[in-house]
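Counting from 1, position 233 in the sequence shown corresponds to residue 233 in the UniProt record's numbering; the numbering is continuous, with no gaps.
For reference, the structure discussed in these notes is given below.
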Amino acid sequence: MRASVCLASLVLLPLSLCLHIPAVGSSARNRDRESSEIYKPFEARLAPETPDDHSTCACSMDASIDLSDASKALDLENIRFQLIRLEDTITFHLIERVQFPLNRRIYIPGAVKIPGSELSLMDYVLSEQERLQSRVRRYQSPDEYPFFPDVVETPILQPLQYPKILHENDVNVNDVIKSRYINEILPSLCKSRDRGEAQENYGSSATSDVSCLQALSRRIHFGKFVAESKFLAETDKFVKLIKAEDRDGIEEAITNSKVERMVLDRLRLKAKTYGRDPANPSEGKSKIDFEAVVSMYKVGDAPVSHSSTTPD
């Protein structure tokens with residue numbers, strides 16, 4: 001029955017890793033010493049973190065949410081930071097995608113011939129990307145859901161032991177996300193033209209699509225964390241709503257109209273800002289239709305429906 005909360009919650013950055021490597025000087029007498037320093041094994045130069053390194057640190061806008069700690073993963077403030085970061089990710093990926101034509105043919109199975117496969121070009125690129133990423137543990141993470149579960153392979157890295165964070169459920173709306181992305185979001189953002197397979201944009205478009213879809217999927221399914229957190233905070237209230245099968249009541253309990261408006265206003269500002277040259281923001285045309293981005297988040301309009309299921 002708890003899965004009902006997750007169903008009602010489906011409403012919606014990767015961690016940036018900065019590795020500093022010392023610059024090599026031009027002095028001949030120091031060249032050997034500096035080269036030796038640069039090529040030392042990484043494991044010797046990067047000291048492993050101890051369990052206490054971040055034990056007292058709150059989640060911040062420049063850090064990924066800690067899914068190894070259930071209490072941190074279900075903290076509404078930590079979740080809020082992640083949802084805001086994902087807004088940035090999605091907006092930047094969409095800006096990258098709209099520089100290319102719509103290229104409808106890459107979404108039609110068989111329209112672009114692929115040896116040994118009957119998938120569309122975009123699905124082929126997406127499935128192969130998921131196959132590769134599954135080998136480095138992407139889909140072991142509780143907040144990641146594959147579009148092609150059948151291609152997921154055993155990781156080559158040591159398995160991670162995550163605590164049980166979410167109530168067991170089988171909610172995966174990636175099929176809906178992909179359908180609406182192709183049929184609603186892209187047509188509202190991209191020019192409706194196709195340069196043809198002989199031109200350079202088919203592969204680039206499909207690659208950008210993969211980034212957009214994976215970010216959208218993570219954002220949407222993150223609604224489960226919000227729902228679980230709110231369920232644990234008001235268990236009796238939600239149990240009554242679930243037993244009564246009161247979907248409207250559940251939705252009302254996990255959403256906040258004031259937060260909805262704040263999210264949409266923030267997205268509009270981000271799309272306007274990111275879509276223009278910061279040196280000349282008043283000149284030239286925006287790289288992206290910011291109202292189309294905002295409408296994607298509005299309830300009922302597109303995959304990011306109920307994006308307002310964010311912390312109060």
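Glycine included, each C-beta is placed from N, C-alpha and C at the ideal position.
| Asked | Found |
| --- | --- |
| Candidates G249, Q158, I288, of which the one nearest K191 by Cα | I288 |
| Selection from L132, D175, D75 that minimises the alpha carbon distance to I156 | L132 |
| Own chain, CB closer than 7 Å to R218, minus 5 neighbours either side, in chain order | L86, D143, E144 |
| Per-residue DSSP class, three states only, for residue 332 | Residue 332 is absent from the model: the chain starts at 1 and stops at 312. |
| L94 to A292 span [Cα, whole Å] | 11 Å |
| C-beta atoms of F231 and F222 nearer than 9 Å | no |
| Helix, strand or coil at S120 according to DSSP, with G and I counted as helix | coil |
| Residue burial classification, R195 (beta-carbon count within 10 angstroms, cutoff 16) | exposed |
| DSSP beta-bridge partners of I220 | Answer is none; I220 lacks a bridge partner. |
| CA nearest to the CA of N103, picked from N169, S71, I182, D265 | I182 |
| Secondary structure of E184, DSSP reduced to three states | helix |
| Reduced DSSP category for I165 - H, G, I as helix; E, B as strand; rest coil | coil |
| DSSP three-state assignment for I84, whether helix, strand or coil | helix |
| Residue interval of the alpha helix (DSSP H) (run including residue 350) | Within the shown structure, residues of the chain are numbered from 1 to 312, placing residue 350 beyond reach of any answer. |
| Contacts around E252, its chain only, beta-carbon distance under 6 Å, and the 5 residues preceding and following it disregarded | none |
| Cβ pair N201, P101 closer than 9 Å | yes |
| Delimiting residues of the alpha helix (DSSP H) encompassing F290 | 290-297 |
| C-beta contact flag for residue 324 and E130 at 9 Å | With the chain running from 1 to 312 in the structure shown, residue 324 is simply not present. |
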